DNA sequence: AGGACGTCGCATTATC
DNA sequence: GATAATGCGA
DNA sequence: GTCCT
């Protein structure tokens, strides 16, 4: 119970953090942007401070860690606000840039535990643990006081805790970051943050020390050598999957031939047409936002289509093979790195993190080299923040915020988040409970109270993270389909997602099942039978979630299976839907960036918006905005026809 | 300046 | 025990 | 974090 309470407190605090960030983002932005900024700004500030006599930024440039204490949320909130008002930055988890830890408790060991550290010596060198009283005194004195009388621990204990820190040992979590970051190059950075705060080091001396020791090891960005080699090269010729896609299945069978064939065929043809050319996976949604919205870039990057609109879609663009190389690969990677790192971190705004990923996509697909942030900010999707705070920082080659926040903690949490069923919240919780690696979790599974689904995710960690080769998707599809046909040959079953998009590899395999109701048939009850048969055959091995009602026309099953007993375990989803949603679902679940982008654009252009919830529910019409009822559209007049789109 | 940014089914946990 | 809230994946 | 209103 204590654990749950603690969890809730953390959530509350995290919320506070987010709200807080919003509130003071403007004042505080520079502080949070990392050491590099802090130095520059700190200097400017302190100079100006005298003249202005404001005195409210006593803690300017300092970074405080106040770990959430169970049952003391409101206290922490007030601490937080006070420190913020004094110009300090507050974090709830230690990172390599903190300068102070506020702690009123007794034991260093306890504090370490609260911070999620093995020992306090993992804190950045020079970090000062002080009691809250010190802050109060500083506030009253309106200046940063000596910490001596207010240290959290007795001199001796404190010293002991840090004595071993001078030469950081092998096991230190804080250190492997450094080596990680430097990509295995064996160098000896002993610390990543200059001791600040308590120490009376001058700004200039800090600068001097920081720069040379770290700078020279940074990758050299300004010459954006396209480093990508392996990943995005479309490995299959267009024909290969085109053929595959058009011959692969049942969808072509009974379903496509009946009276509804027009619509079905239309949809399928359209999609086939749209997926013309090599479409890279991994672009995710960025294609949508970016691909259709990049009007500024279009100015400088003229498309080759006679029709302007066509250039906005992937399918309308050239695919001469050369478009895989981006002059901004370096930036793209940086943003990907950011995304990976921050996605699990508590306190990072969801949408911000998501935008990092989007930015990576934009970087990669911007055909002209970005040499300064100002250029980039002209691109839609890249705003002032990304441009000035991040891009310029990356291009400078100096260690910045990302560098300092790339801690072993963040990495561990990111790894945990990759476990199926473990999200941001649980990942942080696991770390808090002492786990530092996947192996830690495996070594002592009991300790962490993983749910059944998470246990599966942990057990199959590597398999489930791996991509599934197209071949194997097909193999699984054949197995599932044959079982489905054995149950009822009139079933429509189609494989969705990236496979249907023609991708060379997929993250999972998902199936869509329905049956024509024309002759009174129905696929009700099929889900249960199918899953059972597949389980009997050993195709399905784990279950992650079951439909609320196995016999409903609309039912979702999620689990794990494999094509052969020797094969890797793969995520498998099976979805039954009412017959009249087939067309819409096909579009929706094909999740085709290419198809959805134009369709949404087109619908939007007509003052409509596609009910995005037209997914499993096709919950269609009405609601906040005018939503196109795709469901009926697909049935009565054909979705594409309904929006007046004619494919060639 | 302030809100939207997809939305929903299922599992699990919290609350009544 | 019923219901609400949260986390997660898609 | 960006965009739209």
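Numbering (the numbering used here), first residue to last: 3 to 650. Just so you know, even glycine gets a beta-carbon here, dropped at the ideal spot from N, CA and C. Keep in mind the model is a prediction, meaning the values are calculated, not measured.
Residues of the same chain with a CB within less than 7 Å of the CB of residue 459, apart from the 5 flanking positions on each side, are 421, 422, 423, 424 and 466 in chain order. As for any alpha helix (DSSP H) of minimum length 4 sitting wholly inside the region 528 to 564, the runs are 528 to 538, ordered along the chain. Ranked by how close their Cα comes to the Cα of residue 516, the residues 155, 527 and 581 have 581 in first place.
Cβ-Cβ distances below 8 Å link residue 113 to 69, 103, 105, 107, 122, 131 and 154 in the same chain, with the five nearest sequence neighbours on each side left out; the list follows chain order. Straight across, the Cα-Cα distance linking residue 560 with residue 545 is about 6 Å. Rounded to the nearest whole angstrom, the CA to CA distance from residue 519 to residue 363 is 43 Å. For residue 328, the number of other beta carbons within 10 angstroms of its own is at least 16, and it is reported as buried. Below 8 Å, enough C-beta pairs join the region 569 to 586 and the region 542 to 556 to call them touching: three or more. Contact between the region 436 to 454 and the region 486 to 496 is absent, with fewer than three C-beta pairs closer than 8 Å.
It is roughly 54 Å from the alpha-carbon of residue 99 to the alpha-carbon of residue 480. Listed as beta-bridge partners of residue 131 by DSSP are 103. For a cut-off of 8 Å, the C-beta gap from residue 97 to residue 409 is around 5 Å, short enough to register as a contact.
For residue 85 against residue 138, the beta-carbon gap comes to about 11 Å, at or over 8 Å, which does not count as contact. Residue 340 places its beta carbon 8 Å or farther from that of residue 397. Around residue 419, the same chain offers 345, 346, 425, 426 and 429 as residues with beta carbons nearer than 7 Å, after the five sequence neighbours per side are excluded. Within the region 367 to 425, the complete alpha helix (DSSP H) segments of 4 residues or longer fall at 375 to 378, 394 to 398, 403 to 407 and 410 to 419, listed in chain order. When rounded, the separation of the alpha-carbon atoms in residue 431 and residue 412 is 12 Å.
When secondary structure is reduced to three states using DSSP, residue 60 falls in the coil class, being assigned neither helix nor strand.
The residue among 513, 471 and 504 with its C-alpha nearest the C-alpha of residue 484 is 513. With a cutoff of 8 Å on beta-carbon distance, residue 477 and residue 438 are scored as not near each other. Note on residue 144: under 16 other CB atoms within 10 angstroms of its CB, so exposed under the neighbour-count rule.
Exclusion of the five residues before and after residue 152 leaves 132, 133, 135 and 136 as the residues of its chain whose Cβ lies within less than 6 Å of its Cβ. Beta bridge pairing from DSSP links residue 508 with 470.
Take residue 92, set aside five residues on each side of it, and the residues of its chain with a beta-carbon closer than 7 Å to its own are 66, 68, 82, 85 and 86, in chain order. Comparing alpha-carbon positions, the option among 371, 502, 552 and 342 lying closest to residue 357 turns out to be 342.
Closest by C-alpha distance to residue 435, out of 444, 449 and 441, is 449. Under DSSP, residue 516 takes part in a beta bridge, and its partners are 494.
Taking the Cα of residue 64 as reference, the smallest distance to any Cα among 146, 115, 591 and 109 is reached at 146.
Taking all protein chains shown into account, residue 370 has fewer than 16 neighbouring C-beta atoms within 10 Å of its C-beta and is therefore exposed. Scanning its chain for C-beta atoms nearer than 7 Å, with the 5 sequence neighbours on each side dropped, one finds around residue 549 the residues 529, 557, 558 and 559, in chain order.
Secondary structure note for residue 576: it is in no alpha helix (DSSP H), and the uninterrupted beta strand (DSSP E) holding it is 572 to 578. Secondary structure at residue 435: coil, using DSSP grouped into helix, strand and coil.
Taking the Cα of residue 586 as reference, the smallest distance to any Cα among 384, 498, 475 and 406 is reached at 498. About 6 Å separates the Cβ atoms of residue 543 and residue 564, confirming a contact at the 8 Å cut-off.
In terms of CA proximity to residue 584, 525 leads the group 109, 525, 470 and 535.
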